[in-house]
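Residue numbering for the sequence shown follows my numbering, beginning at 153 and increasing consecutively. Quick reminder that beta carbons are idealized off the backbone N, C-alpha and C, glycines included. Data block below; observations after.
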Amino acid sequence: MIRSKKNIILIGFMGVGKGSVAREVIKQSDYIAIDTDDLIESMENRTIKKIFAQEGEAYFRDLEKKISKWLENGVKNTLISTGGGFYKQKNLKDIGIVVLLNSPFEKIIKRINSHPNAVKKLKKRPLLSDLKKAKELYDERMPEYMALADMIIDVTNKSAFDCSKEILKKVKAYV
Ligand code: S3P
Numbered sequence: 153m154i155r156s157k158k159n160i161i162l163i164g165f166m167g168v169g170k171g172s173v174a175r176e177v178i179k180q181s182d183y184i185a186i187d188t189d190d191l192i193e194s195m196e197n198r199t200i201k202k203i204f205a206q207e208g209e210a211y212f213r214d215l216e217k218k219i220s221k222w223l224e225n226g227v228k229n230t231l232i233s234t235g236g237g238f239y240k241q242k243n244l245k246d247i248g249i250v251v252l253l254n255s256p257f258e259k260i261i262k263r264i265n266s267h268p269n270a271v272k273k274l275k276k277r278p279l280l281s282d283l284k285k286a287k288e289l290y291d292e293r294m295p296e297y298m299a300l301a302d303m304i305i306d307v308t309n310k311s312a313f314d315c316s317k318e319i320l321k322k323v324k325a326y327v
């Protein structure tokens, strides 16, 4: 019989590398992965950028809420990577082990800018369009991320491969 495993939920600021780390975790383990932004885009059949532009942020947050309930009730053995604001969902801790990917704001922006698809990566994130506002959002969220995290992984100057190894090791010791 397959023992059911707790979900791992990756939280952290936009561009910190949740998607890349999630892809490594599934390579290195038997977790499967889902991404809350991907779920929202397929539910709505339009991009996050369009949802923000056509319906506004509150509508997007309602979709995140709907997804959080579905995750809590129906998903196991899964690595869940989340959009940067998903952590606000009240049932986060009931969904699984909360893992914060952490890096200074400047390093996150540098990481995005060094990507071959940097322009696309910036464009698809409406809340990164104004860097001054994005930094304020980072400063506001950081203590909240920290308070919720069951474990914190500093991803600065580390490969997704190494971050994933660290997560799997810590999760094994945690459960
Ligand atoms: C958001 C982060 C985005 C996406 C949306 C809102 C946020 O996801 O969910 O643009 O509030 O931080 P990423 O963290 O994957 O960029």
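For G169, the distance from the CB to the nearest heavy atom of ligand 1 is not below 7 Å. Taking 4 residues as the shortest admissible run, the stretch 239 to 302 contains the following complete alpha helix (DSSP H) segments, listed from N- to C-terminal end: 244 to 247, 257 to 265, 270 to 275, 283 to 300. I200 has its CB nearer than 7 Å to a heavy atom of ligand 1. Shown here, T188 sits in a helix according to DSSP, grouped into three states. For A210, the number of other beta carbons within 10 angstroms of its own is below 16, and it is reported as exposed.
Taking 8 Å as the cut-off, the beta carbon of L252 is found closer than this to the beta carbon of M298. If you compare the alpha carbons of L244, E207, Q206 with that of L223, the shortest gap goes to L244. Between the alpha carbons of A270 and R277 lies a distance of about 11 Å.
A312 is positioned such that its CB atom lies no closer than 8 Å to that of R213. Contact between G167 and I264 is confirmed by a C-beta separation of about 4 Å, below the 8 Å threshold. Here DSSP, grouped into helix, strand and coil, assigns S194 to helix. Counting every other CB atom within 10 Å of its CB across the protein chains shown gives E292 a total below 16, marking it as exposed.
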